[in-house]
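Chemist:
Numbering (mature numbering (1 follows the signal peptide of the UniProt record, and there is no 0)), first residue to last: -22 to -1, 1 to 125.
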């Protein structure tokens, strides 16, 4: 009876362990890219190539900002905060679709994270980034690099 119980526990815990490992395999911190020294293409394309970010934007704003969602199971973080979406636009780059209005600039990129704006700003400044930190909604904050 003890052996049967041990086998059941093993069969139950093994898939859970593999699931946890798979989640960690897709984790990636984006802190270094949010130093505002990159390009929107170099920020977004490698994440899509690594299957961490959806290929098509979930939304295109009038100002041409394209919002991309992490793929299911991907754990992207920015300064320790979980990423809700990555946003970017680069003029004349086929990776990004233009909006219906005036583009925000020739190039811009960033992350929308789950976290309060004061806490996010503190972490961004501690890391030495010049990114703009903008309150989006309660506990949702944008970290944005505009070139």
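We treat Cβ as the ideally placed atom computed from N, Cα and C, and that holds for glycine.
Computed from a predicted structure; not experimentally measured.
#1: Which partner residues does residue 88 have in the DSSP bridge list?
#2: Give the DSSP bridge partners of residue 44, in chain order.
#3: Kindly confirm or deny that the segment 114 to 123 and the segment 57 to 66 touch, where touching means at least three C-beta pairs closer than 8 Å.
#4: Return the first residue and the last residue of the alpha helix (DSSP H) that residue 49 is part of.
#5: List the DSSP bridge partners of residue 111.
#6: Let's see if you can read the secondary structure: which residues bound the beta strand (DSSP E) around residue 54?
#7: Return helix, strand or coil for residue 127, following the three-state DSSP convention.
#8: Take residue 109 and list the residues in its own chain whose beta-carbon comes closer than 7 Å to its own, dropping the five residues that flank it on each side.
Modeler: Looking at the coordinates:
#1: In the chain shown, residue 88 corresponds to position 110, counting from 1. Paired residue(s): 65, 122.
#2: Your numbering for residue 44 matches position 66 in the chain shown. DSSP output for residue 44 lists 38, 66 as bridge partner(s).
#3: At 8 Å Cβ cutoff, the stretches touch.
#4: By one-based count along the chain shown, residue 49 stands at place 71. It is not in any alpha helix (DSSP H) - residue 49 carries neither H nor E in the DSSP assignment.
#5: As a position in the chain shown, residue 111 is number 133, starting the count at 1. Paired residue(s): 121.
#6: Taking the chain shown and counting its residues from 1, one reaches residue 54 at position 76. Per DSSP, residue 54 belongs to the beta strand (DSSP E) from 53 to 56.
#7: The shown model of the chain, from -22 to 125, leaves out residue 127, and the question about it has no answer.
#8: Locating residue 109 in the chain shown gives position 131, counting from the first residue. Take residue 109, set aside five residues on each side of it, and the residues of its chain with a beta-carbon closer than 7 Å to its own are 12, 14, 88, 102, 121, 122, 123, in chain order.
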